[in-house]
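In this text, residue positions in the sequence shown follow the UniProt record's numbering: the first is 1, and each later residue adds one.
Let me begin by presenting the structure, written as structure tokens, before commenting on it.
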Amino acid sequence: MSLPEHISIWAELATVDHELRHVDVGGVRTRVLRAGSGPDLILLHGTGGHLEAYARDIAGLAADFRVTAYDMLGHGWSDTPDRPYTIDVLSDHLIGLMDALGIDRAHLSGESLGGWVVAWTAAHHPGRVDRLVLNTPGNIANKPAVMARMRDSTMAAVLDPSDETVRRRVEFLFHHKEMVTDELVNLRRAVYRRPGFVQAITNTLVLQDPLVRRDFAWGPDWVGTVSAPTLLLWTEHDPTGGLDEADLLLGWLPDARLHVIADAGHWPQWEKVDEYLRAHRDFLLLGKDPA
């Protein structure tokens, strides 16, 4: 019997030299994985996530880039200080990590919440960003129903981190739900069981409160100041926002192009690895629009 395409998260890195360590970022112990050499590329995961969201991509990206994936403030196994994790706070943590690692400028690629953070960073720290990838950034139109679904499903899984509730939360990210592995579910269950994580996710989910979100909501006022060339990486089955929302960003961003990945949901970096890698290589390394 042949081996499955994906065995385990760490088997993906079996032949790739890499380093996993914790970095002090302004007093916040931050879990970081680094691999490869070349232009700097930093990867940011989504709400309630962790750096393993990119397990299937790091080896491929490390062939062309010095890749840094990390657990954002209040996420994964990074510290969870008790304060609201608004977009400016998450962006400041990213800049602090770049400073701690000696990265002056980098390509930034963010998925979901991570896309929001990297876009905000490009708008407010333009000198630190080369090119930008917004991977299924989600709910650009700030729809209350999408906010409520994200808040409720995430909080339900954290309050009851059973296999059933966490699996349901992870399956939300996938078009092909059969690709959700026990390992991926159990990793997230372990994160959600961390002491203090209920408070941490509460501090993250303030962004799904329309009153708090208003100060950071996607809009032409700040999105229009992003000068970095930007790739919008969308999918056909993203549950958080359709192509109409990609059109909003195309109208606001001064230098943007759209690439749509077929047959994938909110995590194309897991479901469509080859196309995800090719899009990053074409746009970030070769400076051309993905085919």
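Glycine is no exception: its CB is placed at the ideal position from the N, C-alpha and C atoms.
With respect to the 7 angstroms criterion, V166 and A157 are classified as neighbours on the basis of their beta carbons.
Residue pairing by DSSP puts T68 in a beta bridge opposite R34 and I42. Rounded to whole angstroms, the gap between the alpha carbons of P254 and G36 is 31 angstroms.
A buried status is given to S91, since no fewer than 16 other beta-carbon atoms sit within 10 Å of its beta-carbon. T47 has its alpha-carbon roughly 11 angstroms from the corresponding atom of L73.
Note on M98: 16 or more other CB atoms within 10 angstroms of its CB, so buried under the neighbour-count rule.
Only residues of its own chain outside the window of five on either side were considered, and among them S112, T240 and G241 have a CB closer than 6 angstroms to the CB of G138, listed in chain order. Between the alpha carbons of L243 and L249 lies a gap of roughly 10 angstroms.
Here the alpha carbons of A262 and L94 stand approximately 30 angstroms from one another.
C-alpha of G219 to C-alpha of R83: approximately 25 angstroms in a straight line. For H107, the uninterrupted beta strand (DSSP E) segment begins and ends at A106 to E111.
Going by DSSP, T230 is part of no alpha helix (DSSP H) but of the beta strand (DSSP E) stretching over T230 to T235.
A straight line joining the alpha-carbon of G60 with that of L13 spans about 10 angstroms. In this chain, the beta strand (DSSP E) harbouring I261 covers A256 to I261.
In this structure, A264 sits near E271, with a CB-CB distance shorter than 7 angstroms. Apart from the 5 residues on each side of it in sequence, P161 sits with its Cβ closer than 6 angstroms to the Cβ of R189, Y192 and R193 in its chain, given in chain order. Per DSSP, the beta bridge partners of L134 are G110 and L232. Here DSSP, grouped into helix, strand and coil, assigns V28 to strand. Of all alpha-carbon atoms in V28, D221, G251 and E164, the one lying nearest the alpha-carbon of W77 is that of V28. With respect to R128, R105 sits close: the two C-beta atoms are nearer than 7 angstroms.
Assigned with DSSP and collapsed to three states, H6 falls in coil, not helix or strand.
With a contact defined as Cβ atoms closer than 8 angstroms, T204 and Y85 qualify at about 5 angstroms.
Here the alpha carbons of K177 and A11 stand approximately 21 angstroms from one another.
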